Amino acid sequence: MAVVEELIRSETDGAISFGNHKLARKGKVEDYRHGGDLLKVKTYSEMTKLEKNGMFLYESVPGTSVLNFVEKEDGVAFIVEGDEDAQITIGLTDGKAYEVSVDGESIGAIKTGFGGKLSLSVELEEADEVSVKIVQI
2 MAVVEELIRS ETDGAISFGN HKLARKGKVE DYRHGGDLLK VKTYSEMTKL EKNGMFLYES
62 VPGTSVLNFV EKEDGVAFIV EGDEDAQITI GLTDGKAYEV SVDGESIGAI KTGFGGKLSL
122 SVELEEADEV SVKIVQI
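Using the numbering used here, the first residue of the sequence shown is number 2, and each one after it goes up by one.
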């Protein structure tokens, strides 16, 4: 498993990787500049959270390590790792429907409510990493 030792980093393809689910105590990086945005990450074994320009973008309980997180106009894609199954919440556009795929398998369409939050569960206990793709339909 590959944790993000520096807590957040920019990848050469424009994606970001963040989070370290192995930390016993909270780690935090504020005012990280990426693509013209300011990012803030808080992470440890119990929770990982990412904000962009002061707005909610990602949260997992328990904590996860997220690799190659790409945010597009119509959704997000990333790879997630962790020691146990996780509940993930993503900040998207409110009142829109999204097709959600986990490890290439569709888990169906999920509609965001007020505030644009979409929640899903990923089974990480038996897997090294799980790919997640969320696309607006």
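Glycine residues also receive a C-beta, built at the ideal position from the N, C-alpha and C atoms. Since the model is a prediction, treat every value here as computed from it, not as a measurement.
Residue i, buried or exposed, once every other Cβ within 10 Å from all chains shown has been counted against 16
i       : result
Ser-61  : buried
Lys-43  : buried
Lys-73  : exposed
Leu-40  : buried
Asn-49  : It is Thr, not Asn, that sits at residue 49 in the sequence shown. Result: buried.
Ile-135 : buried
Bridge partners - residue i, DSSP secondary structure assignment
i       : result
Val-42  : Val-30 and Leu-51
Val-62  : Gln-88
Glu-100 : Ala-110 and Val-136
Residue i versus residue j: straight-line alpha-carbon distance, rounded
i       : j       : result
Ser-66  : Ser-102 : 18 Å
Asn-69  : Glu-31  : 19 Å
Leu-58  : Gly-105 : 22 Å
Ile-108 : Glu-100 : 8 Å
Leu-121 : Glu-130 : 16 Å
Lys-112 : Thr-90  : 13 Å
N-terminal and C-terminal residue of the beta strand (DSSP E) that residue i is part of
i      : result
Phe-19 : 17 to 19
Phe-79 : 76 to 82
Expected contact under 8 Å - CB spacing of residue i and residue j to nearest Å
i       : j      : result
Lys-118 : Gly-92 : 6 Å
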